[in-house]
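K.L.:
Please find one structure pasted underneath; my questions will follow.
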Amino acid sequence: MSMLEEPRGGGACGFPSFLYPGQADLGSVLAEARRSTEEKAAEIVRLRWQVAEMAGDELAECAQEMAIRFASGGRLFAFGNGGSSTDAQEVATTFLYPAYGLSLPALSLTGDVAVVTALSNDVGFDVVFARQLAALGRRGDIAVGLSTSGGSFNVLQAFEEASRRGMLTIGLAGDQGGKLAGLGLLDYLFVIPSSSVHRIQEAQTTLYHVLWELTQHALGAVPAPQVHDAG
């Protein structure tokens, strides 16, 4: 999936026209920048509420299952590619070093460059996450995989390995879920209904922070999150 959003006219490669000097006066540039910012902000707010309406009950159920695993000594392993690699590291950090509540055992499989490059060079990038789960994962652990397209082969391979080991499997994808939607072995799959990589990743960030807070609540560490009317 391209890292550029779909073209909206104006500049080359789909970038807003206000990024190109000399194409408009200052007033027009500022107006376009404001319009673009307001449009994107409104879009992500709508998307977050849409996901909450579609998956709110499932998120609560998933958090309960995660809490059961953590209470029994389970650990969380997160993984993804590119921007989703950064998100995987944030998932692990959020659970392991929370601002409040319980510190829960979590590891990002993208964090150790030596391991990632050794597996990529010696075996193949397709198994860079699966091989780590084969070495570290056990029944009762949690596997959280992120992919904006839902089609990253190494993420699919990792979930297959996690499922074989009896781990709780949680996928985060975009658009219509891609190949993850047809995998048939995930315990939970949360799909962000958007074709924009930017909006998908923004909504996924909200989603995994909500999962963290609901898990903390299920463990009795924090009060239940308050839900406010969108209006």
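Using my numbering, you'd call the opening residue of the sequence shown number 89 and step up by one each time. The beta carbon of each residue, even a glycine, is placed where N, CA and C say it ideally should be.
Looking at A291 and I132, is the spacing between their C-beta atoms short of 8 Å?
P.N.:
To locate residue 132, count along the sequence shown from 1; it is residue 44. To locate residue 291, count along the sequence shown from 1; it is residue 203. In this structure, A291 lies closer than 8 Å to I132 by Cβ.
K.L.:
Using the beta-carbon count (16 or more within 10 Å), is T125 buried or exposed?
P.N.:
Residue mapping note: residue 125 aligns to position 37 of the sequence shown, counting from 1. Exposed, by the Cβ-count rule.
K.L.:
Would you give the residue range spanned by the beta strand (DSSP E) that T257 belongs to?
P.N.:
Against the sequence shown, residue 257 aligns to sequence position 169. Unbroken beta strand (DSSP E) run through T257: 256 to 262.
K.L.:
Please list, in chain order, all residues of the same chain as A71 whose beta carbon is under 7 Å from its beta carbon, the five residues on each side excluded.
P.N.:
Here the chain comprises residues numbered 89 to 319, so residue 71 is not present and cannot be evaluated.
K.L.:
Do the segment 249 to 266 and the segment 189 to 205 meet, that is, are 3 or more Cβ pairs less than 8 Å apart?
P.N.:
They do not touch, by the three-pair rule.
K.L.:
Flag Y296 as yes when its Cβ comes closer than 7 Å to any non-hydrogen atom of the ligand NAP, and as no otherwise.
P.N.:
For the ligand NAP, the structure offers nothing, since it holds no ligand at all.
K.L.:
Would you check if there are 3 or more beta carbon pairs closer than 8 Å linking the segment 113 to 124 to the segment 266 to 278?
P.N.:
The segment 113 to 124, when compared against the segment 266 to 278, does not touch it at the 8 Å Cβ threshold.
K.L.:
What are the start and end residues of the beta strand (DSSP E) that includes S196?
P.N.:
In the sequence shown, counting from the first residue as 1, residue 196 sits at position 108. Element bounds for S196: 194 to 196.
K.L.:
On the three-state DSSP scale, how would you describe G308?
P.N.:
The residue labelled residue 308 in the question sits at position 220 within the sequence shown. Note: G308 maps to coil in three-state DSSP.
K.L.:
List in chain order: all unbroken alpha helix (DSSP H) runs of 4+ residues lying wholly within the segment 181 to 227.
P.N.:
Here the runs fully enclosed are 201 to 210, 218 to 224.
K.L.:
Taking 8 Å as the threshold (C-beta atoms), are F247 and A231 in contact?
P.N.:
Along the sequence shown, read from residue 1 onward, the residue named residue 231 stands at position 143. Along the sequence shown, read from residue 1 onward, the residue named residue 247 stands at position 159. In this structure, F247 lies closer than 8 Å to A231 by Cβ.
K.L.:
Secondary structure at G233, three-state DSSP: helix, strand or coil?
P.N.:
Counted from its first residue, the sequence shown places residue 233 at position 145. Correct three-state label for G233: strand.
K.L.:
Please classify D200: is it buried, with 16 or more other beta-carbons within 10 angstroms of its beta-carbon, or exposed?
P.N.:
For this step, residue 200 is matched to residue 112 along the sequence shown. D200 should be labelled exposed.
K.L.:
Using DSSP with H/G/I as helix, E/B as strand and the rest coil, what is L118?
P.N.:
Within the sequence shown, the letter at position 30 stands for residue 118. Helix at L118.
K.L.:
Tell me, which residues are paired with A166 by DSSP?
P.N.:
As a working note, residue 166 is residue 78 in the sequence shown. DSSP output for A166 lists S196, V232 as bridge partner(s).
K.L.:
Are the Cβ atoms of V285 and T236 separated by less than 8 Å?
P.N.:
In the sequence shown, residue 285 corresponds to position 197, counting from 1. In the sequence shown, residue 236 corresponds to position 148, counting from 1. The answer is yes: Cβ separation under 8 Å.
K.L.:
Where P95 and T294 are concerned, what is the direct C-alpha to C-alpha distance, given to the nearest angstrom?
P.N.:
Stepping through the sequence shown from its first residue, residue 95 is reached at position 7. Stepping through the sequence shown from its first residue, residue 294 is reached at position 206. At P95 the pLDDT is 38, less than 50, meaning the model places this residue with poor confidence; the figure from the coordinates comes in the next sentence. Cα to Cα, P95 sits roughly 26 Å from T294.
K.L.:
Using only CA atoms, which one of V117, E178, R227, K128 lies nearest to I157?
P.N.:
On the sequence shown, position 69 is the one that residue 157 refers to. Reading off the sequence shown, one finds Arg at residue 157, where the question assumed Ile. Checking every option, the nearest Cα to that of R157 belongs to R227.
K.L.:
The beta strand (DSSP E) with L271 in it runs from where to where?
P.N.:
By one-based count along the sequence shown, residue 271 stands at place 183. Neither: L271 is in no beta strand (DSSP E) and is coded neither H nor E.
K.L.:
Distance check for L164 and A180, CA to CA, integer angstroms please.
P.N.:
Residue numbering aside, residue 180 sits at position 92 when the sequence shown is read from its first letter. Residue numbering aside, residue 164 sits at position 76 when the sequence shown is read from its first letter. Each residue's Cα considered, the two are about 7 Å apart.
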